[in-house]
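Novice: Attaching a single structure in structure tokens format; questions to follow.
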Amino acid sequence: MHSEATDHETARDLTGSFIDASGVAHFRAWSPDAGKIDVVGADGLQLLLSLRRGSDGYFVGSTDQLAAGTLYMYRVDEQGPWPDPWSRFQPQGPHGPSQLVTQEGFRWTDDDWPGISLARQVLYELHVGTFTSQGTFDAARERLRWLKDIGITLIELMPVAEFAGRWNWGYDGVQLYAPFHGYGDRDALKRFVDAAHACGLGVILDVVYNHLGPDGNYLRCFSQHFFSTKHGTEWGEAFNFDGPHAAGARQLVSANPAYWVREFHLDGFRLDATHSILDDSDEHVVTALTRFAREAAMPRRIVVIAENEPQQAEHLKSAADGGQGLDALWNDDFHHVARVALTGSRDGYFHDYTGRAQEFVSAVRHGFLYQGQYFHWQKQRRGSPLRRMPAAACVHFLQNHDQVGNTYRGARLHSRVHAGRYRALTGVLLLGPQTPLLFMGQEFSSSRPFDFFVDHSGALAQAISDGRRQFMKQFRAYDTAAVQDGMNDPVAETTFMNARLDWREADMHVEAVALHRDLLRIRRDDPVIAAQDSHSIDGAVLSEHAFVLRWFDDVHGDRLLVVNLDLDLLLDPNPEPLLAPQRDSGWQVVWASESPRYGGAGAIDPVNAVQQWRIQANSATLLRHAG
Numbered sequence: 008m009h010s011e012a013t014d015h016e017t018a019r020d021l022t023g024s025f026i027d028a029s030g031v032a033h034f035r036a037w038s039p040d041a042g043k044i045d046v047v048g049a050d051g052l053q054l055l056l057s058l059r060r061g062s063d064g065y066f067v068g069s070t071d072q073l074a075a076g077t078l079y080m081y082r083v084d085e086q087g088p089w090p091d092p093w094s095r096f097q098p099q100g101p102h103g104p105s106q107l108v109t110q111e112g113f114r115w116t117d118d119d120w121p122g123i124s125l126a127r128q129v130l131y132e133l134h135v136g137t138f139t140s141q142g143t144f145d146a147a148r149e150r151l152r153w154l155k156d157i158g159i160t161l162i163e164l165m166p167v168a169e170f171a172g173r174w175n176w177g178y179d180g181v182q183l184y185a186p187f188h189g190y191g192d193r194d195a196l197k198r199f200v201d202a203a204h205a206c207g208l209g210v211i212l213d214v215v216y217n218h219l220g221p222d223g224n225y226l227r228c229f230s231q232h233f234f235s236t237k238h239g240t241e242w243g244e245a246f247n248f249d250g251p252h253a254a255g256a257r258q259l260v261s262a263n264p265a266y267w268v269r270e271f272h273l274d275g276f277r278l279d280a281t282h283s284i285l286d287d288s289d290e291h292v293v294t295a296l297t298r299f300a301r302e303a304a305m306p307r308r309i310v311v312i313a314e315n316e317p318q319q320a321e322h323l324k325s326a327a328d329g330g331q332g333l334d335a336l337w338n339d340d341f342h343h344v345a346r347v348a349l350t351g352s353r354d355g356y357f358h359d360y361t362g363r364a365q366e367f368v369s370a371v372r373h374g375f376l377y378q379g380q381y382f383h384w385q386k387q388r389r390g391s392p393l394r395r396m397p398a399a400a401c402v403h404f405l406q407n408h409d410q411v412g413n414t415y416r417g418a419r420l421h422s423r424v425h426a427g428r429y430r431a432l433t434g435v436l437l438l439g440p441q442t443p444l445l446f447m448g449q450e451f452s453s454s455r456p457f458d459f460f461v462d463h464s465g466a467l468a469q470a471i472s473d474g475r476r477q478f479m480k481q482f483r484a485y486d487t488a489a490v491q492d493g494m495n496d497p498v499a500e501t502t503f504m505n506a507r508l509d510w511r512e513a514d515m516h517v518e519a520v521a522l523h524r525d526l527l528r529i530r531r532d533d534p535v536i537a538a539q540d541s542h543s544i545d546g547a548v549l550s551e552h553a554f555v556l557r558w559f560d561d562v563h564g565d566r567l568l569v570v571n572l573d574l575d576l577l578l579d580p581n582p583e584p585l586l587a588p589q590r591d592s593g594w595q596v597v598w599a600s601e602s603p604r605y606g607g608a609g610a611i612d613p614v615n616a617v618q619q620w621r622i623q624a625n626s627a628t629l630l631r632h633a634g
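Sequential numbering from 8 applies to the sequence shown in the numbering used here.
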């Protein structure tokens, strides 16, 4: 089965293989130094198609003699055979043959879905492999209504690009265009997204463009130019986005988000560690991929969120203003302050935070705490000004995959801190104007750990285990023989199996569910809170570990959140003007973290008849004007 290769306009700029609506199979691979590329069968022997050298290092070809589902591999200058690095599906994993897929056939029902904007979103980070006992897209789809009913609006899938082994966090992907075969067939992700849209949920995808995984990466078999000779990352080789012959890597990455949007109707992306996406080009590859993704989504809207450890707020500006056109950045500062306030520990990278009231007030009013000040842990200045950016442009969280994973045995934060304080800070997170993110199971106080896990063997497995222990030594508490010996091995099957959520706990932990459901209802329905307007909020420190936030609203009346992470506090005298009610009015309690409904000991109204304030220990109380 063989035919001569021809150019194909229907493939546009999409490297890789697919079958178009007319049944013609197209192939396109980048290998600028190669003299010949053949498409061969899964056995590596049968010649299916000889590709023709096109322009700019691309080899192209098309044929109407191959059906959807055909397994194929590439042979480059008689070397190989190797799987397609641009493969759309790998039914046998990254080392096996690639599968020819069709772009047609799936019946979408989301024609009326408008897309999303960042305002009023509540994010939910989800790892497909551990979200359910089955670990598939189809099983996760059965839980979508639960998330919607709790108050989630936007699901953030941890990376799903094909990786080596049976399980992985997903940040070791090697075939960026292929959804992991262990999560279901290629249409499984489409079924998940379509069902999410049907019940009013958006879906964004965590994508990794700073490196590829150590196992199953075949790009070097096609060209050494995919990887940089001047940049490097802490996880592996950096892509060549700005050196000689950078076209292949730039196209591979910059076209990838647009592909996920077109093929899977995704609503945007979370870009992993953009500070390690290294590019000195006039147009940074992040700017390019963001632009291409938005163009592919039109007329629908998408959001692009980045993890950026240096907190480079200028990336939120438009490309015309010198930015990268991003919608939001993760705010580690808020998490770090909360972690210190809850645990009392300033170990490791928590060194530059105190957990005091001032830091919470500043985080709610200004987003990043470090916007150019000196950061002792890194011995340099950190962050840049976040002025004039909407509050929603900062993503706040108490837990995420990294911060849970970077604890001894992957312990969930709520399982190791004072319950009252944790409820209070959940109130700050979910009522604050920034975009909140919950990590899967957080809404029902899951007891299951989430430690780092991969599925490798031999020398690579040993290197990963050793590297994980070395990484954790940055925390003095973990740099002891006893703790090092007791850490979960990331390559052990039990580490993965123990991370799977137990959904029976959602029925058992009714107080935690009620807490999150009620707070998200207030966030959605209260017009003052829902506005996410940090400019209408003022705050004040009442004591070292107590503070007040006040939303000013002339139409709907003011709101007041009083938080105390210490002993009972009596304010007498009380010279803080933010606590004063409007003329001929008082304060009425709307929500209290110490309500027995949430497992508290009983809420106390913080203000008595003579306006004497007594603020309950380890509590948060939301009030509104009465009258």
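Think of the CB as a built atom: it goes at the ideal place given N, C-alpha and C, for glycine as much as any other residue.
Does the distance from the C-beta atom of His552 to that of Asp573 stay below 7 Å?
Specialist: Closer than 7 Å, so yes.
Novice: Cβ of Ala608 within 7 Å of Cβ of Ala599?
Specialist: In this structure, Ala599 does not lie closer than 7 Å to Ala608 by Cβ.
Novice: Sort Pro317, Pro251, Pro101 by Cα distance to Trp384 and report the nearest one.
Specialist: Among Pro317, Pro251, Pro101, the Cα nearest to that of Trp384 is on Pro317.
Novice: Between Ile123, Thr294, Trp176, which lies nearest to Leu133 when the distance is taken from Cα to Cα?
Specialist: When each option's Cα is compared against that of Leu133, the closest is Trp176.
Novice: Excluding the 5 residues flanking Phe113 on each side, which residues of the same chain have their C-beta closer than 6 Å to its C-beta?
Specialist: Result list for Phe113: Asp194, Lys197, in chain order.
Novice: If we require 4 or more residues per run, which alpha helix (DSSP H) segments fall completely within the stretch 506 to 593?
Specialist: DSSP runs (the alpha helix (DSSP H)) wholly in the stretch 506 to 593: 511 to 515, 517 to 532, 534 to 537.
Novice: Terminal residues of the continuous alpha helix (DSSP H) containing Gly474?
Specialist: Start and end: 465 to 479.
Novice: Could you pull out every unbroken alpha helix (DSSP H) segment of at least 4 residues lying fully inside the stretch 122 to 154, listed in chain order?
Specialist: Correct list: 135 to 138, 144 to 148.
Novice: So Leu278 packs on Ala313, CB below 8 Å; how close in whole Å?
Specialist: Indeed they touch by this definition, with Cβ atoms about 4 Å apart.
Novice: Which value, in whole angstroms, describes the spacing of the CA atoms of His421 and Leu527?
Specialist: Roughly 18 Å between the two C-alpha positions.
Novice: To the nearest angstrom, how far is the alpha carbon of His252 from that of His102?
Specialist: Cα to Cα, His252 sits roughly 26 Å from His102.
Novice: Determine the closest residue to Phe554 out of Leu568, Ile544, His563, with distance taken between C-alpha atoms.
Specialist: Closest option to Phe554, Cα to Cα, is Leu568.
Novice: Would you say the beta carbon of Ala587 is closer than 6 Å to some non-hydrogen atom of the ligand COA?
Specialist: Looking at this structure, you won't find the ligand COA or any other ligand, since it has none at all.
Novice: Taking the Cβ atom as the reference point for each residue, do Leu508 and Ser453 lie within a distance shorter than 7 Å?
Specialist: Their beta carbons are under 7 Å apart, which means Leu508 touches Ser453 by this criterion.
Novice: Does the stretch 143 to 157 come within contact of the stretch 66 to 75, defined as at least 3 CB pairs closer than 8 Å?
Specialist: Touching, no, given that fewer than three Cβ pairs across the two stretches are closer than 8 Å.
Novice: Can you name the residues that DSSP bridges to Ser94?
Specialist: Note: Ser94 sits in no beta bridge, so no partner.
Novice: So the candidates are Tyr485, Gly374, Asn315; which of them puts its Cα closest to the Cα of Val344?
Specialist: Comparing Cα-Cα distances from Val344 to each of Tyr485, Gly374, Asn315, the minimum goes to Gly374.
Novice: Have a look at Ala335 and Glu85 and give me their C-alpha separation to the nearest angstrom.
Specialist: Distance between the alpha carbons of Ala335 and Glu85: 47 Å.
Novice: Just how far apart, CA to CA, sit Phe446 and Asn407?
Specialist: Rounded to whole angstroms, Phe446 to Asn407 spans 5 Å at the Cα level.
Novice: Between the stretch 422 to 438 and the stretch 388 to 399, are three or more C-beta pairs nearer than 8 Å?
Specialist: Taking 8 Å as the limit for Cβ pairs, the verdict is that the stretch 388 to 399 does not touch the stretch 422 to 438.
Novice: Is the separation between the beta-carbon of Asn247 and that of His282 shorter than 7 Å?
Specialist: Their beta carbons are not under 7 Å apart, which means Asn247 does not touch His282 by this criterion.
Novice: Leaving out five residues on either side along the sequence, give the residues of the same chain with a beta carbon under 7 Å from the beta carbon of Ala18.
Specialist: Unreliable positioning characterises Ala18 in this predicted model, as indicated by a pLDDT of 32, which lies under 50. A coordinate reading is not provided.
Novice: What ranges does the beta strand (DSSP E) occupy inside the stretch 296 to 354, keeping only unbroken runs of at least 3 residues that lie completely in it?
Specialist: Listed in chain order, the complete beta strand (DSSP E) runs (minimum 3 residues) inside the stretch 296 to 354 are 310 to 313, 335 to 337.
Novice: Got a sec? Which residues, its chain only, sit under 6 Å from Gln3 by beta carbon, not counting five neighbours each side?
Specialist: There is simply no residue 3 to check, as the chain begins at 8 and stops at 634 in what is shown.
Novice: Return the first residue and the last residue of the beta strand (DSSP E) that His632 is part of.
Specialist: Its beta strand (DSSP E) spans residues 626 to 633.
Novice: Kindly identify the DSSP beta-bridge partner or partners of Leu78.
Specialist: DSSP, once it has assigned bridges, lists Gln106 as partnering Leu78.
Novice: To the nearest angstrom, how far is the alpha carbon of Val135 from that of Gly209?
Specialist: If I take the Cα positions, the gap works out to 16 Å.
Novice: What do you get for Gln469, buried or exposed, if any count of 16 or more other CB atoms within 10 angstroms of its CB means buried?
Specialist: Flag for Gln469 reads exposed.
Novice: With three or more C-beta pairs closer than 8 Å as the rule, is the stretch 203 to 222 touching the stretch 162 to 171?
Specialist: At 8 Å Cβ cutoff, the stretches touch.
Novice: If we count the other Cβ atoms within 10 Å of its Cβ and call it buried at 16 or more, is Gln619 buried or exposed?
Specialist: Classification for Gln619: exposed.
Novice: With a cut-off of 8 Å on the beta carbons, I'd call Gln106 and Leu78 a contact; round off their distance for me.
Specialist: With 8 Å as the limit, Gln106 and Leu78 qualify as a contact, their Cβ atoms being about 6 Å apart.
Novice: On a Cα-Cα basis, can you pick out the residue from Pro306, Gly250, Asn495 that is closest to Arg638?
Specialist: Here the chain has residues from 8 to 634 only, and residue 638 is not among them.
Novice: Pop quiz: Gln331 and His342 are said to be a contact at Cβ under 8 Å. What is the actual Cβ separation, rounded to whole angstroms?
Specialist: The pair is not a contact, with the Cβ atoms about 23 Å apart (cut-off 8 Å).
Novice: Between the C-alpha atoms of Glu290 and Gly329, what's the straight-line distance to the nearest angstrom?
Specialist: Those two C-alpha atoms are separated by around 10 Å.
Novice: If you count every other CB in all the chains shown that lies within 10 Å of the CB of Val562, and 16 or more means buried, which is it?
Specialist: When all chains shown are included, Val562 counts as exposed.
Novice: Beta-carbon within less than 7 Å of Lys237's beta-carbon, same chain only, minus the 5 sequence neighbours each way: which residues are those?
Specialist: Correct list, in chain order: Gly250.
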